[in-house]
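Report on the structure given below.
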Amino acid sequence: MSGKTLTKAEIVDAIYEKTDRNRAEVKGVVESLLGIMKQAIKKDHALLISGFGKFEAYDKKARKGRNPQTDETITLPPRKVVVFRLSRKFRAELNDE
Amino acid sequence: MNKSELIKTLSEETNIPIEEAAMVVNTFVDSMKDALTDGDRVEIRGFGSFKVKDYGGYSGRNPKTGDMVVVEPKRLPFFRAGKELKEFLND
Chain A
230 MSGKTLTKAE IVDAIYEKTD RNRAEVKGVV ESLLGIMKQA IKKDHALLIS GFGKFEAYDK
290 KARKGRNPQT DETITLPPRK VVVFRLSRKF RAELNDE
Chain B
12 MNKSELIKTL SEETNIPIEE AAMVVNTFVD SMKDALTDGD RVEIRGFGSF KVKDYGGYSG
72 RNPKTGDMVV VEPKRLPFFR AGKELKEFLN D
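Chains as they are written, first to last, in my numbering: chain A, 230 to 326; chain B, 12 to 102.
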């Protein structure tokens, strides 16, 4: 663990190096890509990126919870959550198999 | 949606050639994979973040047969959806 963090700006830079477009255009394309990814997760409930993994949205039922500070019982509404499932190929690469 | 559909949609929506859309998607994915392979965190504002967790090995048993098995140490990435993605999915 090196403690480094890859951010969107660095990804934009990596793409910028490979095109003739200016940085603002590349940033726009990356934002569009993220928008399409979010839409796919919402609409299809799944986004599969081969060699990387799969983002899946699933429904969580409403459940009773408690506010730990006030001890009040509250009903948590049903909601959608996203999980990432790792591809076998990427799992093998991460573990040098 | 899969990766080729993602590339096609990006190409149509942004009016860039399909080869360029493919380069964008591949560079995006490869950058994240490289960072995670190096043990770095990945943080994509508005979408989510990834970090790699290390698990130590242990010896366990096959619950069906009772045989001893050695579970090798492993590294697995974890994804946390960002606030914007969570809100987008739920409204």
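Built from N, CA and C at the ideal position, the CB exists for glycine as well.
No experiment lies behind these values; they were computed from the predicted model shown.
| Within 7 Å, strictly: CB atoms of A243(A) and S42(B) | Counting from one through the first sequence, the residue named residue 243(A) turns up at place 14. Counting from one through the second sequence, the residue named residue 42(B) turns up at place 31. Yes, these two residues count as a Cβ contact at 7 Å.
| said: Determine, for L305(A), whether the minimum Cβ-Cβ distance to residues of chain B falls below 7 Å. | reply: Residue mapping note: residue 305(A) aligns to position 76 of the first sequence, counting from 1. Residue-level contact check: L305(A) does not touch chain B, since none of the beta carbons of chain B fall below 7 Å from its beta carbon.
| query | Does the distance from the CB of G282(A) to the CB of R314(A) come in under 7 Å? | reply | Here residue 282(A) corresponds to residue number 53 of the first sequence, with the count starting at 1. Here residue 314(A) corresponds to residue number 85 of the first sequence, with the count starting at 1. Annotated as proximal: G282(A) and R314(A), with beta-carbon spacing under 7 Å.
| Of all the CB atoms in chain B, is at least one closer than 7 Å to the CB of S316(A)? | As a position in the first sequence, residue 316(A) is number 87, starting the count at 1. When Cβ-Cβ separations below 7 Å define contact, S316(A) makes no contact with chain B.
| query | What runs of the alpha helix (DSSP H), each 4 residues or longer, lie entirely inside the segment 39-100 of chain B? | reply | Qualifying alpha helix (DSSP H) stretches, in chain order: 94-100.
| said: Under 7 Å, Cβ to Cβ, is there at least one residue of chain A near D102(B)? | reply: Within the second sequence, the letter at position 91 stands for residue 102(B). No, its Cβ sits nowhere closer than 7 Å to a Cβ of chain A.
| query | Whose Cβ in chain A lies nearer than 8 Å to the Cβ of N73(B)? | reply | For the purposes of this step, residue 73(B) is taken as the residue at position 62 of the second sequence. Within 8 Å Cβ-Cβ: nothing; N73(B) doesn't reach chain A, min ~20 Å.
| said: Let me see if you follow: with CB-CB separation under 7 Å, is E98(B) close to chain A or not? | reply: On the second sequence, position 87 is the one that residue 98(B) refers to. Taking 7 Å as the CB threshold, E98(B) stays off the interface with chain A.
| field | Contact with chain B by A238(A), beta-carbon distance below 7 Å | value | By one-based count along the first sequence, residue 238(A) stands at place 9. Not closer than 7 Å to any Cβ of chain B, the Cβ of A238(A) fails to qualify, so no.
| Classification of F284(A) by the beta-carbon crowding that lies within 10 angstroms, buried from 16 upward | Counted from its first residue, the first sequence places residue 284(A) at position 55. Under this definition F284(A) is a buried residue.
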